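Each remark here refers to the structure printed beneath this line.
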């Protein structure tokens, strides 16, 4: 599980998420799943696994294959094309009374997409860890 110092800067937090995206782009789904903190809320279901990450991303934020048979895969953020008129999310949302949330669009098949990873930072042993709260289309 990846952690950062409490009150890490926005650029440090985004840098960690870029590292996670790099793991996905390299096909290192086991390492990407290990990067994540298991969800703190039991009601949210099972933690993300390598298999669930790979399936959910490949199916563009669904558990079922796309109707047209396409499969999505994360590609390098540095080389991602414009993706039409999309503006990719790379946002750190800060709160006064709890750790921040991060929204980060995923580069898929060489272009920025509207499939966005939403992370909640959670306190673990005096540090912040990354809980992948959702992967959703914005």
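In my numbering, the protein residues as written are 564 to 701. Beta carbons: idealized from backbone N, C-alpha and C, even for Gly. Just so we're clear, the structure is a prediction, and the values are computed from it rather than from any experiment.
Nearest candidate by alpha-carbon position, reference residue i, set the options
| i | options | result |
| --- | --- | --- |
| residue 566 | 697, 682 and 700 | 682 |
| residue 640 | 694, 600 and 672 | 672 |
| residue 580 | 636, 686, 701 and 669 | 669 |
| residue 655 | 665, 661, 649 and 648 | 665 |
| residue 587 | 663, 615 and 633 | 615 |
| residue 696 | 684, 689 and 688 | 684 |
| residue 590 | 625, 658 and 618 | 618 |
Cβ-heavy atom distance, residue i to the ligand SAH, below 6 Å
| i | result |
| --- | --- |
| residue 661 | The ligand content of the structure shown is nil, which means the ligand SAH is not present either. |
Residue i, DSSP secondary structure in three states
| i | result |
| --- | --- |
| residue 658 | coil |
| residue 688 | coil |
| residue 627 | coil |
| residue 643 | coil |
| residue 648 | coil |
| residue 506 | Residue 506 lies beyond the range of the chain shown here (564 to 701); nothing can be said about it. |
| residue 695 | strand |
| residue 676 | strand |
Span of the alpha helix (DSSP H), counted from its first residue to its last, around residue i
| i | result |
| --- | --- |
| residue 615 | 613–621 |
Same chain, Cβ closer than 6 Å to residue i, neighbours up to 5 away in sequence not counted
| i | result |
| --- | --- |
| residue 662 | 684 and 691 |
| residue 564 | 600 and 692 |
Where the beta strand (DSSP E) containing residue i begins and where it ends
| i | result |
| --- | --- |
| residue 671 | 664–671 |
Cβ neighbours of residue i in the same chain (closer than 8 Å, five flanking residues each side left out)
| i | result |
| --- | --- |
| residue 577 | 653, 655, 665 and 667 |
Counted within 10 angstroms of its Cβ, other Cβ atoms place residue i as buried (16 or more) or exposed
| i | result |
| --- | --- |
| residue 572 | exposed |
| residue 625 | exposed |
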